[in-house]
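The structure appears below as structure tokens.
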Amino acid sequence: FVHNRLTHSLEVASVGRSLARYAGKIVADNYLDPQDRTSEEFYRFGLSSVVASACLAHDIGNPAFGHSGEKAISQFFIQNPGLNSHFSDEEWTDLTHFEGNANAFRIVAQKKAHQMQQGLGITLATLASMIKYPCESTAMDPNKPSRRKYNVFQSEVGLLHQVAEGTRMYKESHKPLVYARHPFVYLVEAADDICYAIMDWEDATRLKILPFEFASDCLMALVKTDPEYNPEKANRILTTLKTDPNEQMAYLRAKSINALVRHCSEVFAEFVRTGQIFENPPALVKGIPEEAKQILNEIAKHSFEKIYNHDSVVRIELTGFRVLYGLLEDFVPAVLAKLPDTFSGKLLRILPVQYRPLPDESDYQKVRKVLDYISGMTDLYALELYRNLRGISMPGYGIPD
């Protein structure tokens, strides 16, 4: 067993719940007005649900084939500059810099045709907790962590204003649109950072990409940074599991995550105490004890060199790029055509009803629907549809009538 996007999201939600419970208790015990029972109850019992929900949805906007899919969508528009006449400058920046975070916000918040409620009907606090990069695409700045990417397409700018107003997010700039991060974002981000590092490390060990001894030593070093580390108990459990290296790694994974949860909750509480939490501080993992941070940096270094550039990963990325680019070559001209030809007309007919363009919609809205459709596909569904449209295979399992 190795992790996929669904299990990753479930794990991030679990870690986020634990992290928010720790952080919420610290805040409730030390930084609230004793008479404010409502806030105390929220931080002790409600914050964990908000953060867990945001964590569960944090990757929902990633297209098929993950970051390779994002790049394919962006490159399609970059390599077809003649299409920019259909869009405003801001809309064109959205399309040439397709962003899974902004797509996640669109999925959970937008009102779709043929649906009764607004998005998934989740709370403003949960939406605010998901907005890691609270700005529009034209405001991106690689030198500012909160603006390294963006979190809202032009089609959802109004929704961002509603969330920001309802949760009192500070507006830093009107044009381009930039807000300060909501404090709960840091808990969601930390949960993702923790899982991203540790889960991939465990997977690489199971798949023999990393040597077991080296990988387990790194995690054990991380476990030892926990102030409540019990060496006798840890050694006893590892000895019991010595015949099953995978179970040993699972134990070290759980204990190292627990250590990082404790460290990050302390950093969050310190940000609250000093008021730094309202000033776009760095990620919580940047503030953990130096020893733990060095181990995480070592894990990140080897993950980049050995895991993310592994031959099997690169091959999948190349396949995904070609598949999504090819689907866009078919569907984008079809929705933009004033008088679709026979092939384009049939393409429009196979679009599910909620993704079909309407006569009164702008070209940007029509293309956004195509991106909704394609980015919502699974890897296998996208691959099968690509093969069908190229005449490589006949329609079969996985492609509905």
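Numbered per the numbering used here, the sequence shown spans residues 151 to 551.
By construction, the Cβ of each residue, glycine as well, lies at the ideal position given by its N, Cα and C atoms.
- For the pair of segments examined, the region 271 to 283 was found to touch the region 325 to 341: the number of CB pairs separated by less than 8 Å reaches three.
- Contact between the region 425 to 440 and the region 187 to 197 is absent, with fewer than three C-beta pairs closer than 8 Å.
- According to the DSSP assignment, residue 190 belongs to the alpha helix (DSSP H) that extends over 187 to 191.
- By the criterion of a C-beta distance shorter than 6 Å, residue 320 is surrounded in its chain by 330, once the five residues flanking it on both sides are discounted.
- In the displayed model, residue 152 falls within coil according to three-state DSSP, outside both helix and strand.
- One Cα belongs to residue 524, the other to residue 214, and the distance between them is close to 8 Å.
- In the DSSP assignment, residue 322 falls outside any alpha helix (DSSP H) and lies within the beta strand (DSSP E) extending over 321 to 323.
- By the criterion of a C-beta distance shorter than 6 Å, residue 212 is surrounded in its chain by 250, once the five residues flanking it on both sides are discounted.
- By the C-beta density criterion, residue 253 is buried, having at least 16 other C-beta atoms within 10 angstroms.
- Separation of residue 466 and residue 203 (C-alpha to C-alpha, rounded to the nearest whole angstrom) is 30 Å.
- Here residue 413 is buried, its C-beta having at least 16 other C-beta atoms within 10 Å.
- In terms of Cα proximity to residue 415, the closest of 528, 339, 497, 374 is 339.
- At the C-beta level, residue 477 and residue 513 stay beyond 8 Å of one another.
- Residue 426 and residue 293 have their alpha carbons spaced roughly 19 Å apart.
- When DSSP states are grouped into helix, strand and coil, residue 286 belongs to the strand group.
- Following the DSSP letters along the chain, one finds residue 219 inside the alpha helix (DSSP H) bounded by residues 216 to 228.
- Counted as a single uninterrupted DSSP element, the alpha helix (DSSP H) harbouring residue 390 occupies residues 381 to 390.
- The C-beta of residue 543 has fewer than 16 other C-beta atoms within 10 Å across all chains shown, which makes the residue exposed.
- In the three-state reduction of the DSSP assignment, residue 300 falls in the coil class, being assigned neither a helical nor a strand state.
- Residue 484 and residue 460 have their C-alpha atoms roughly 37 Å apart.
- Judged by beta-carbon spacing, residue 295 lies within the 8 Å limit of residue 432, meaning their Cβ atoms are closer than that value.
- Taken through DSSP and simplified to helix, strand or coil, residue 523 comes out as helix.
- Annotated three-state conformation of residue 458 is coil, per DSSP.
- For the pair residue 313 and residue 241, the Cα-to-Cα distance works out to about 21 Å.
- Apart from the 5 residues on each side of it in sequence, residue 369 sits with its Cβ closer than 6 Å to the Cβ of 402, 406 in its chain, given in chain order.
- Only exposed fits residue 454, as fewer than 16 other CB atoms lie within 10 angstroms of its CB.
- Annotation: the continuous alpha helix (DSSP H) that includes residue 500 extends over 492 to 500.
- If you draw a straight line from the Cα of residue 303 to the Cα of residue 504, it comes to about 19 Å.
- Just measuring C-alpha positions, the residue of 481, 539, 177 sitting nearest residue 522 is 481.
- The residues 152, in chain order, have a CB closer than 8 Å to that of residue 357 in the same chain once the five nearest residues on each side in sequence are set aside.
- Pairing residue 410 with residue 422, the inter-Cα distance amounts to about 18 Å.
- The straight-line gap separating the alpha-carbon atoms of residue 493 and residue 446 is approximately 52 Å.
- Approximately 6 Å separates the beta-carbon atoms of residue 360 and residue 456; this is inside 8 Å, confirming the contact.
- A straight-line Cα-Cα distance of about 22 Å links residue 379 and residue 161.
- Its chain contains 153 as the residues whose beta carbon lies nearer than 6 Å to that of residue 349, once the 5 sequence neighbours on both sides are disregarded; these appear in chain order.
- Residue 200: member of the alpha helix (DSSP H) spanning 197 to 207, first to last residue.
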